[in-house]
Each structure stands twice: as C-alpha cells, then as structure tokens.
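All the letters of the sequence shown, read from the start, carry residue numbers 504 to 783 under our numbering.
Every residue gets a Cβ at the ideal spot worked out from N, C-alpha and C, and that includes glycine.
Remarks on the structure that follows.
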Amino acid sequence: MSVPSASVFVRCSCGHLHWGRYGAAGLLLVDPARGVLLQRRAWWVHHGRTWALPGGAIEAGETARGAAAREAFEEASLPAESFRAVSASVVDHGEWSYTTILALADGAEARVANTESAEVRWVDPDDVPSYRLHRDFAAAWPDLRDRVGQELVLVVDAANVVGSRPDGWWRDRHGAAERLRDQLAKLAEAGVPDPGDAAITWWPRIVLVVEGKAKHVTGTEGVEVVAADTDGDSKIVEVVAQQTGKTLVATADRELRRRVEALGASILGPGTLRSQLDEL
504 MSVPSASVFV RCSCGHLHWG RYGAAGLLLV DPARGVLLQR RAWWVHHGRT
554 WALPGGAIEA GETARGAAAR EAFEEASLPA ESFRAVSASV VDHGEWSYTT
604 ILALADGAEA RVANTESAEV RWVDPDDVPS YRLHRDFAAA WPDLRDRVGQ
654 ELVLVVDAAN VVGSRPDGWW RDRHGAAERL RDQLAKLAEA GVPDPGDAAI
704 TWWPRIVLVV EGKAKHVTGT EGVEVVAADT DGDSKIVEVV AQQTGKTLVA
754 TADRELRRRV EALGASILGP GTLRSQLDEL
C-alpha cells in the first residue's frame, strides 16, 4: 500500500495553509562568528521572496531532525556532518506542526543548491527582524532568538546516580559506571525534554563525573567522562563553573545541589534521569 505524499498543503485549526502532510521542519544554524543562516525563498514558492530557514515538509516515517538536515542539504548544500543539532522546538497548530532544529556550526559553507532558494545569507541575530520575514518565522523569532547559540550541558554525578538504585552496583562500581555511560550515550541521541517547556527538546552535551573505583571509565560518543582524583563533588562544581550556557546537574546530594544552584545550574533528580533512561 502506497504512503500518501508529504507534498501537499494542510489547513490547520487556525485556518492557515501550511506545506507538508506530516508537518514541516527547518534548520536554524548558528555560527559564532557569522550569525544565523537565513534563506530567501524563490519567488514561485509559498510565501515567495520572504526570508526564513532552510526547511520543508517532513516525509512519511522521517524525524523532524532528519527532515531539517535533509532540507538543509538540498536547499543550502549543508552536509549533516557540518553542524551539531542541539535542540528542537515545536509550534503545534493541531492538524499541523513545525519543528525548528537549532544547530551549531563552525565554518560550515552554505550556497544556493536548488531552485527553491534565491539566496542564503549569514545574518547577525539582532538584524533578523529588519528582513522581510516569512509570517510564521517572524512570529517564532523572538522565542528562537533567546536560544540562539545555547546548548544544554547535562552533568551527571555518577556515584550518586548509580547508587540511587539497589541493583548490585557495589559489587562492580566500574562496570556500573560504564553501564550508566552507555545509557547516557543513548540519551544524548534521543534527547531530553526541557524542564520548563514541553515544546522544547535538547540533545545535550553530557559530562559524566566519576570517582573512586570508577575513575578509569573512559568516554564514548556523546558522553565526556571526567575523573575526580579525590573529591567528586568538588570536581562537579568545577565542571559546572566552566559552563557558560544552560546547565543541568543530575544528583540528589543536598550540599552539592546547593553549590551548583549557586552557580546557576538546575537540578535533575536521579530518579527522573533513571526513568528517562529506562524508556530508551
């Protein structure tokens, strides 16, 4: 049985026409030196001659993240390996939704790659409102602007999280920390919900702090492992102090929570983290 084409217009509950039977997605690419990448739409497409993001309809069975990456390559010649997705935000219109994938790039080169794009340009975020923007992008921009360049760093107190579940971890502390690391690697790929906004998902940069008999655990893709020579709590505070963006610390230690909250970090309880890992 054939799958219905994604390339159709959908009228949402607001009464507006939108492109994409299964919704649509776009890539908000941020380069620290050049700003954000905008695309001027060709005259003949829906909302032609306006500026927005490289993006388009999500195909059947495709993730929003995958769709945004595909469209960025098709429209702006940006290969997926030239950027790192850090978050997604969804605007839900009921029968239709649009997902913006925020990503960080360093030196990625963009160029017009098909007839749907008239121009692609790096723009200072503060200058974006002065452009003739696509209606929906203009409405979304103020919230997106607040997250331009941000990423979520999840710092995990390995000893505390491992010790929160009596599964025999004390017989092999090194192995227990490795198992936690491997679960966290899956979480880095799957993403975590924003603690304060259900419409936002983060693909966090994860730092696992280990100590004692687990201090020789090594990192893996998606998880950086930092070993504490002596005091694990002080090492976690040190790691948190080095962060400049949104930081989440997974621990139940009251004193450690107080210390990292004083640095601006938010707290994720081990039980909540474990529940998220169990769902993967």
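Reference residue i; option with closest CA among the options
i, options, result
"GLU562", "TYR525, LYS716 and ASP627", "TYR525"
"LEU776", "LYS738, ALA702 and ASP697", "ASP697"
"VAL728", "ASN663, GLY538 and VAL712", "VAL712"
"SER735", "ARG648, PHE576, ALA765 and VAL710", "The identity of residue 735 in the sequence shown is Gly, whereas the question assumes Ser. Checking every option, the nearest Cα to that of GLY735 belongs to VAL710."
"GLU782", "GLN686, HIS519 and GLY725", "GLN686"
"THR602", "VAL513, ALA575, SER592 and VAL615", "SER592"
"GLY610", "PHE586, VAL631, HIS596 and ASP630", "PHE586"
Residue range of the beta strand (DSSP E) that includes residue i
i, result
"ARG543", "538-544"
"ILE494", "Missing from the structure shown is residue 494; the chain here goes from 504 to 783 and no further."
"ILE703", "700-705"
Enclosing alpha helix (DSSP H) for residue i [first to last residue]
i, result
"GLY774", "773-781"
"ALA606", "Segment 600-608 is the beta strand (DSSP E) holding ALA606; no alpha helix (DSSP H) there."
"GLY526", "From DSSP, GLY526 is part of no alpha helix (DSSP H); its letter is neither H nor E."
"ALA571", "567-579"
CB contact flag (residue i, residue j, <7 Å)
i, j, result
"GLY529", "ALA571", "yes"
"ASP676", "ALA717", "Checking the displayed sequence, the identity of residue 676 turns out to be Arg instead of Asp. Cβ atoms of ARG676 and ALA717: closer than 7 Å."
"ALA768", "VAL752", "yes"
"VAL533", "GLY652", "yes"
"ALA608", "VAL623", "no"
"TRP554", "LEU636", "yes"
"GLU565", "GLU619", "no"
"GLY538", "ASP639", "no"
"ALA662", "GLU714", "yes"
"ARG648", "ILE604", "no"
"ALA560", "GLY518", "no"
Residue i Cβ short of 6 Å to the ligand GTP heavy atom set
i, result
"ALA693", "This structure does not include the ligand GTP; it has no bound ligands of any sort."
Supposed close pair residue i, residue j - CB separation, criterion 8 Å
i, j, result
"LEU657", "ALA606", "That pair is no contact at about 18 Å."
"GLY722", "TRP706", "That pair is no contact at about 17 Å."
What runs of the alpha helix (DSSP H), each 4 residues or longer, lie entirely inside the stretch 626-673?
638-650 and 661-665
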